[in-house]
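Colleague: Handing you a structure now.
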Amino acid sequence: MYSDAIPYFEKQAELKPGDAEVFFDLGFVFDELKNYSKAIEYYDKAIVINNEYHKAFVNRGNCKIELGLKDEACNDFKRALELGGTIVKENIDQYCK
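Start counting at 1 in the sequence shown, then tack on 156, and there's your number in our numbering.
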């Protein structure tokens, strides 16, 4: 089901290259498919477009946890918290002590 969405979002990314939400959605799809490296690539693009996109920082951090990149993940979680993503506090408490 998620893999069926990839061509749709890729087309949207071509049509709206400045839309962070499209790249976030692509990242989310690859995240759900457990392709964490590819998900990070798209979360990175979303963050480049909107460096205050706290949900992209949270999700990128979650992917980094899955890849064993704890320190990098914690940096993303802390940045998300700075940007107002208070739900990420649970991630910080769990992984960043």
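Cβ coordinates follow ideal geometry from the N, Cα and C atoms, glycine included.
Does the segment 201-208 touch the segment 166-179, meaning 3 or more C-beta pairs lie closer than 8 Å?
Modeller: Verdict: yes, contact present.
Colleague: Around the C-beta of N215, are 16 or more other C-beta atoms found within 10 angstroms, so that it is buried, or is it exposed?
Modeller: Position 59 of the sequence shown, counting from 1, holds the residue named residue 215. Classification for N215: buried.
Colleague: Assign Y192 to one of three DSSP states: helix, strand, or coil.
Modeller: The sequence position of residue 192 within the sequence shown is 36, counting from 1. Three-state DSSP puts Y192 in a helix.
Colleague: When you compare the CB positions of E197 and Y158, do they come within less than 7 Å of one another, or not?
Modeller: Counted from its first residue, the sequence shown places residue 197 at position 41. Counted from its first residue, the sequence shown places residue 158 at position 2. Their beta carbons are not under 7 Å apart, which means E197 does not touch Y158 by this criterion.
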